[in-house]
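Structure, as structure tokens:
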Ligand code: HEA
Ligand code: HEA
Ligand code: CUA
Ligand SMILES: [Cu+2]
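Chains as they are written, first to last, in the working numbering: chain A, 1 to 578; chain B, 579 to 900; chain C, 901 to 999; chain D, 1000 to 1193.
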């Protein structure tokens, strides 16, 4: 804070804040952009939930803004519903959560936690943000295309996606940018973590969050390129008239399609899920990392079973590459291949259980402080538990028969990504806010945000299991109103929508809190939470180059409440004799 | 547990095995969740800062958790090897003999299900995409001798009860998914491929409907509005022996009044259809309304339906092709 | 690789030239074989073996993989494992289908 | 604080940052082309017939030789820097760029020939995969040439100020360039010969 701000005032406004190469500025750019996208993605869902609750009724207030070709007289058309659904999924996953978890937290925290002055390749870091930004803008621009945005689901299965409107081309181009950005970022993270660790910071002394980011980066590095390839192939199908994913003999609305044929729609699914299954662990691992940090800090004791957690994360990362076809059980799989994927899917649930168990047991014997970040981190555990456990019946092909592509699946993954990952990300924001700004976020607003969100999230997603078990398909414009088997559960749609809208209201205290705290929040010391990891040894906010003196590490990451020690924490960089 | 899950009615031979497995796995999930949940809440209360101001550096020493993890793994393995894999093998490998089964081709398109029966000769006639028209969505070549007796319907699938059904599934345009919740089957319809699936219906649609029936109290005003979406399960005949409502008809305010006049205060009614083919894969803007009907009939009713279809067959096959 | 002396480099240059000649030779071999009209399977096997030899020569000598640090090997082995999964599992999935 | 190990290797890993970085990047490229090869195999196995020798083999053989030659000039340019011979470096690097250019020109003739005979991606799966794979490879060649030209021209100023760093950069650029060559070594038999 008082220290010499090395050379960062030489840079002009543009180089300092816009085209900055400082990992902290880039982290914050990522953070704000991705939060805005999250809010936007949520906004799409708020509109969609109206249609689900009151099918075919005009959307109040804003219905007429969408125009005649999307919502004539405020009534949402099915094609618009499909656009909103596809874009909600895409935006939440690729423009919201991944950039927030990896781009923002990874960028800001990882170099600090390993005692590095910056990322290994600052220019590359800057370009990955801007490539992400371009990808995001491309995605958004697709709403303005004739025919609107992509409308074939976030999974973009051909042939539907190949015969879809122009929005799909934008989706593909946007994805190529987003994937490229992630690739550049992941190279940067891996090199940074391997090469720039401070002296004494061995791999087994890395904070759990860094481990999570490290494994995540490998997932990004090796799983994303196949989707990039698939995206190129689909672009060729759409623009150059090739038939990679188009079989022979297609007849669309009574007209034989004039393509050479010979392609395979399932090829896309393999390439897509080869990415998209590891992708879901990209969504969850950083979240687990954040939760681990916060739990250690707020129980004032080391994480229980740190080593087993690390091995579990590595194993999880590895396994996540060979479970992908559990999304494809209904595509006509034989016994051998389905047994293979069922087995790997069951195996991959074990490391998750190991990590969760370790986090639970870490609570035992602690001196638990219920700060706002801790509340979110604690809520993550059972919420992820529900999401993860409901993955099990989906992972067995026989029980997947009645559940596949129903709201049960929607419930399953929202429990892991919304009250799971999103809560962990909220926890991270509350926890590291003091490091980023030197000020603390308001606890009262934080608690309102927490309890409101917790109740609403469950109100939205718990009924989805009921609806799904009743056999109601997902992606239905009218939420299933046509179907007799949906009648007994139809009334839940309104309830879930109410939950979603109320959830929106409960985000207001959070948004207020962020902006208020940036300028007016209570000023706090650099190690406000009395934490042990290296980021707290830097000033708040850290200057360009991060540390005033080169840090050196002497011990494991979470030396809290060490017996015979005066204070209840020993920072990693504190020399032995102190 | 099975009751708690509120699964749709099951009218198939293999459905029970799936439902039981679903129940078993939900038991595992519930026990794990409650076990951990109890531990979680107890820990939060017991070790809150006020109660436990100084944390214990070492924490839990026992290896109980490892045993627990192993137990979960074992349970999963049992479910997998003992139930999931055999069940799947039965679904995809052990097809019933074709001669003992009702064989139907189903060709999905945006947004309907084309149902194709081979007719009396048991052989599906030739189809060609060049013959596809609005009247002939299957592109059936009626000049082919095998096609002369073929029956084609749209969205109406009839099968006899207690006899295995083999569906040969494909699609004309995009990927759809043939899901019948009450039969516990689901299979993607992928263009360019023919994928078979099979099930044995054990309850007729009428029996299933009867199981879904609900009692309604009739009141002069304020009868549950749900009733007006439901159908009658039997004929209602007033004192003067005029028919107020026939079996299968929908209720209306007037009907309710007449029924009350006739002294009827409660009725049994059921949803209009129960055995539906629901498209489960996003296939475009009409995905939500891509609904077909599966009618499971008694042998007699099925034969009668078939005979009726046969009687409607075009007499001059060439003219039918046009 | 840590090359400090110009002498060492000279030695390497000889290796580069040898590899270069081998690559050209193998190219000619594989093209010649392709005109022999072998049946499909042996043709594919031979062509892929030759390509793999050429590929390993480039990787080992031009890219110095042969004397590279084990960290890089670890990353590459991981990549190769997933690469093989990506190639073979979809193939297996395509061949093991309900029919 | 400065970012460490940009020039010198980190003792415990034995690597400088950019070298690790480029290898990781190449790993991801392996997966990118791996997905394309996987698609190729799947589509080919699923196809009814697959054309044989419809592409211009002699031309492609020449092109293979061109690319292999550019690989050795690339590695020689780095070796020249190691021997502190900047003039030779310029020579070899220049040759590498020119050979890359030659490769593209030959490719251009191949492409236009196919365009004129109507053999477009929409013609058949074979031509679709041919254009996609060689096109993507071609883009990689162009990318490499841009980098190499930069290091041949304006970027080479660094030799005067930070020779060690510059040598590292050439090594990294070389790794990329060899990889592009390596991909072609597989593309050539797979598309042209089989
Ligand atoms: C972050 C995201 C995330 C995570 C972590 C997971 C985790 C898992 N998922 Fe999920 N999944 C998705 C995101 C995720 N999934 C998405 C987005 C889809 C749908 C995509 C689409 O079709 O659009 C999907 C779909 C999906 C399917 C396809 C369903 C279908 O389409 O039919 C399957 C099938 O196997 C599956 C399985 C699993 C399994 C076995 C896990 C396992 O890893 C879970 C392991 C975890 C546990 C077993 C919990 C352990 C915890 C406890 C035991 C503690 C209990 C806690 C308390 C009481 C406090 N998932
Ligand atoms: C990471 C992924 C993610 C997340 C977080 C969410 C979050 C939510 N999702 Fe979604 N969803 C998907 C991924 C995700 N979803 C995917 C992949 C699909 C499938 C799409 C398809 O079918 O192809 C889907 C589909 C889907 C459906 C099914 C649609 C259908 O099948 O027809 C529904 C229905 O209710 C739904 C609802 C919601 C709701 C209510 C939330 C809420 O939890 C949202 C909560 C959001 C917030 C709380 C925002 C917080 C942000 C802020 C407050 C910003 C602050 C800003 C500043 C400070 C600047 N989602
Ligand atoms: Cu057909 Cu959805
Ligand atoms: Cu998955």
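The beta-carbon is built from N, C-alpha and C at its ideal position, and this holds for glycine as well.
A quick note: this is a predicted structure, and the numbers were derived from the prediction, not measured.
| Check | Outcome |
| --- | --- |
| As assigned by DSSP and simplified to three states, the class of residue 440 of chain A | strand |
| Option nearest residue 813 of chain B by Cα separation, candidates B:798, B:829, B:807 and B:804 | B:829 |
| Where the region 667–696 of chain B meets chain A: residues whose CB sits under 8 Å from a CB there | 667, 669, 670, 671, 687 and 688 |
| For residue 691 of chain B, the three-state DSSP class (helix, strand or coil) | strand |
| Residue 207 of chain A versus residue 154 of chain A: straight-line alpha-carbon distance, rounded | 34 Å |
| Proximal chain A residues relative to residue 982 of chain C, where beta-carbon distance stays under 7 Å | 222 and 321 |
| Any 3 or more C-beta pairs closer than 8 Å across the region 110–125 of chain A and the region 20–40 of chain A | yes |
| Distance, residue 988 of chain C Cα to residue 940 of chain C Cα | 19 Å |
| Cutoff 8 Å; reference residue 1170 of chain D; Cβ partners in own chain excluding five residues on either side | 1018 and 1077 |
| Burial state of residue 576 of chain A (16 or more Cβ within 10 Å) | exposed |
| Per DSSP, cross-strand counterpart(s) of residue 743 of chain B | B:680 and B:777 |
| Selection from D:1038, D:1003, D:1136 and D:1006 that minimises the alpha carbon distance to residue 226 of chain A | D:1038 |
| Assigned secondary structure, residue 1058 of chain D (DSSP; H/G/I helix, E/B strand, else coil) | helix |
| Near ligand 3: residue 771 of chain B beta-carbon under 7 Å from a heavy atom | no |
| For residue 229 of chain A and residue 271 of chain A, believed in contact at Cβ under 8 Å, the rounded distance | 7 Å |
| Exposure label - residue 588 of chain B; buried when at least 16 CB within 10 Å | buried |
| Rounded Cβ spacing between residue 420 of chain A and residue 358 of chain A (contact assumed at less than 8 Å) | Rounded, the Cβ-Cβ distance is 17 Å, inconsistent with contact. |
| Residue 1002 of chain D at chain A interface by Cβ criterion, 8 Å | yes |
| Closer than 8 Å to chain B by CB, residue 578 of chain A | With a pLDDT of 48 at residue 578 of chain A, under the threshold of 50, the modelled position of this residue cannot be trusted; read the value that follows with caution. It does not: the Cβ of residue 578 of chain A has no partner Cβ on chain B nearer than 8 Å. |
| C-alpha distance - residue 846 of chain B paired with residue 805 of chain B, whole-angstrom precision | 9 Å |
| Alpha carbon of residue 873 of chain B to alpha carbon of residue 238 of chain A, nearest angstrom | 40 Å |
| Residue 1124 of chain D at chain A interface by Cβ criterion, 8 Å | yes |
| Cβ of residue 590 of chain B within 8 Å of any chain A Cβ | no |
| Residue 319 of chain A burial status per 10 Å Cβ neighbour count (16 or more: buried) | buried |
| Rounded separation between residue 921 of chain C and residue 1134 of chain D - CA only | 28 Å |
| Top-ranked residue by Cα proximity to residue 255 of chain A, from B:742, B:664, B:811 and B:751 | B:751 |
| Limits of the unbroken alpha helix (DSSP H) element including residue 792 of chain B | Per DSSP, residue 792 of chain B belongs to no alpha helix (DSSP H); it is in the beta strand (DSSP E), 792–795. |
| Residue 767 of chain B CB to nearest heavy atom of ligand 2 below 7 Å | no |
| Residue 274 of chain A: contacting residues in chain C (beta-carbon distance under 7 Å) | 986 |
| heavy atom of ligand 4 below 7 Å from residue 404 of chain A C-beta | no |
| Straight-line Cα distance separating residue 1106 of chain D from residue 1061 of chain D | 11 Å |
| Cα-Cα separation between residue 84 of chain A and residue 730 of chain B, rounded to whole angstroms | 37 Å |
| Buried versus exposed call for residue 61 of chain A [16 or more other C-beta atoms within 10 Å across all chains shown] | exposed |
| Closer than 7 Å: residue 485 of chain A CB and nearest ligand 3 heavy atom | no |
| Same chain only: Cβ atoms within 8 Å of residue 1013 of chain C, ignoring 5 sequence neighbours per side | This structure does not reach residue 1013 of chain C, given that chain C is present from 901 up to 999, and the question cannot be answered. |
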